[in-house]
DNA sequence: CGTCAATATCTGTATATGCAGATAAAATGA
DNA sequence: TCATTTTATCTGCATATACAGATATTGACG
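So, in C-alpha cells, the structure goes:
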C-alpha cells in the first residue's frame, strides 16, 4: 500500500537528490577511469576532449561547447592545459571572433596511446554493469538531460 | 544480426564513455538545482552538505567522507566555505585528531529555507523522468558505484 | 616512559566547472 | 560609412574535486 506516495516521499528526501546521486557516481567513475589512464598522464576529462577533437577535426569553441554540453568558459580553461602540453593547437579562422582548435600530431599520438587504456576502463565498468543496465543508463541520462534542458 | 557485438562496438566508442556521460548529466542536473536554489545563495553541492549535517548532527570529517563518498580533502575545502558563512561550526572532540562539525543555528535555518526550493527542483526532474526511470536510475547508479569500488 | 606505527586531518598543487561581466569583431541598418 | 546590435570568446572570481605529501595525535609495545 501507498506505493506511489511512499516513493514520492522517498524521492523528496535530499538523500535521493538526483543531482547528488549523479555527481557522486560521476566522481567514482572518474576515479576508475583516471586510474586506468594514469600512465598516459591524462585525466578522463582530458581524454574526453581529445576524443572529441579526434572525431571532429578542426572545431570552434562554440561548436565544442554544444557538442560536449560544456560551458565555453570551461572549455577555454580545459583546452589551455592541453595547448600548454602541446596536444592541441590553434588553427586559422576567417572570422576573427571564432577560435578554432584541433589536435596536434602529438595530440593524435597521445589519443591513440590512451585509447586502449580508456577501453579497458570502459570494458570493466560495462562488465560490472551488464549490457541491459548500460542501455538503461544511456536512456535515463538522456532523459535527465532533456528534462533539465526543458526547464530553461 | 550482430546485436551484441555491435552494442559492444558502440559501447567502446569514447562518445559513450560512462564517465563522460555521468559527468555531463551531473553538470546539467546541477545547473537546474542551482537555478532553483539561487535565491537561497546555496549551490546544490552546498545544499547536499547541509542536508547531510542536518541528518547526522555532529559528525567527523572521516564519517562524512564515508557517508558522501567524497574525499576528505574535498570536504575540508567545502566545509571551509560553509564555516566562513556561519552555517557550520566546529564542535569539541575528545580525540584531538578528529575534527567534528555540525550545523549552526543559522545553518539549520538556511537548510529549512532551502528545502522547498530543492524539493521543487527534484520534483521537476522526477516529473520529467517518471517514477519508473527514477527507480532504474537509482539502481544503475548503485551498480556503477559498486563496479567502480570493486576495482580498487 | 619512549619509540614507532596507525589514524585523522590539513596544505600545496592542479584541474574542472560555470556565472558575470569585459572585449573584440562581424553583421545590420540608417 | 558610422552607430548599434549581435555573436564568439576571454577574464575575474568563486567553488568543487582529489592526489601527494606534511602534520599532529593516539595507540601499542617493549
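Protein chains in written order, with our numbering: chain A, 31 to 182; chain B, 31 to 182. Virtual Cβ for every residue (Gly too), placed ideally from N, Cα, C. As the structure is a computational prediction, the values presented were derived from the model and not from experiment.
Reduced DSSP category for residue i - H, G, I as helix; E, B as strand; rest coil
i                      : result
residue 167 of chain B : helix
residue 49 of chain A  : helix
residue 58 of chain A  : helix
residue 176 of chain B : helix
residue 181 of chain B : coil
residue 64 of chain A  : helix
residue 38 of chain B  : helix
residue 31 of chain B  : The predicted position of residue 31 of chain B is uncertain, since its pLDDT is 47 and thus under 50; no value can be drawn from it.
Residue i versus residue j - alpha carbon distance
i                      : j                      : result
residue 42 of chain B  : residue 140 of chain B : 45 Å
residue 86 of chain A  : residue 76 of chain A  : 15 Å
residue 53 of chain A  : residue 126 of chain B : 32 Å
residue 123 of chain A : residue 40 of chain A  : 53 Å
residue 90 of chain B  : residue 130 of chain B : 4 Å
residue 158 of chain B : residue 174 of chain A : 7 Å
residue 79 of chain A  : residue 114 of chain A : 14 Å
residue 145 of chain A : residue 96 of chain A  : 23 Å
residue 92 of chain A  : residue 83 of chain A  : 13 Å
residue 110 of chain B : residue 104 of chain B : 10 Å
residue 72 of chain B  : residue 106 of chain A : 26 Å
residue 143 of chain B : residue 137 of chain B : 10 Å
residue 64 of chain B  : residue 50 of chain B  : 21 Å
residue 74 of chain B  : residue 153 of chain A : 31 Å
residue 33 of chain B  : residue 68 of chain B  : Caution is warranted here: a pLDDT of 48 is assigned to residue 33 of chain B, below 50, making its placement in the model unreliable, and no coordinate value can be reported.
residue 46 of chain B  : residue 121 of chain B : 45 Å
residue 178 of chain B : residue 58 of chain A  : 6 Å
residue 55 of chain A  : residue 81 of chain B  : 18 Å
residue 60 of chain A  : residue 48 of chain B  : 9 Å
residue 26 of chain B  : residue 99 of chain B  : Any question about residue 26 of chain B goes unanswered here, given that chain B covers just 31 to 182.
residue 94 of chain A  : residue 88 of chain B  : 45 Å
residue 172 of chain B : residue 70 of chain A  : 29 Å
residue 101 of chain B : residue 108 of chain B : 11 Å
residue 62 of chain A  : residue 62 of chain B  : 27 Å
residue 132 of chain A : residue 176 of chain A : 29 Å
Own chain partners of residue i with C-beta closer than 7 Å, once the 5 adjacent residues on each side are dropped
i                      : result
residue 160 of chain A : none
residue 134 of chain B : 116, 117, 118 and 119
residue 31 of chain B  : Residue confidence for residue 31 of chain B is low, a pLDDT of 47 falling below 50, so the modelled location carries little weight; the figure read from the coordinates is stated next. Cβ neighbours of residue 31 of chain B beyond the five flanking positions: none.
residue 162 of chain A : none
residue 38 of chain A  : none
Beta-carbon proximity list for residue i, same chain, < 6 Å, skipping 5 on both sides
i                      : result
residue 66 of chain B  : 147, 150 and 151
residue 128 of chain A : 90
beta-carbon residue i near the ligand ATP non-hydrogen atom, thresh 7 Å
i                      : result
residue 153 of chain B : With respect to the ligand ATP, the structure shown offers nothing to examine, as it has no ligands at all.
Own chain partners of residue i with C-beta closer than 8 Å, once the 5 adjacent residues on each side are dropped
i                      : result
residue 44 of chain A  : 50
residue 164 of chain B : 156
residue 167 of chain A : 159
residue 170 of chain A : none
residue 112 of chain A : 76, 79, 80, 118 and 137
**Report entry** Minimum length 4: unbroken alpha helix (DSSP H) runs contained in the stretch 74–160 of chain A
**Finding:** Listed in chain order, they are 74–86, 91–98, 102–114 and 135–159.
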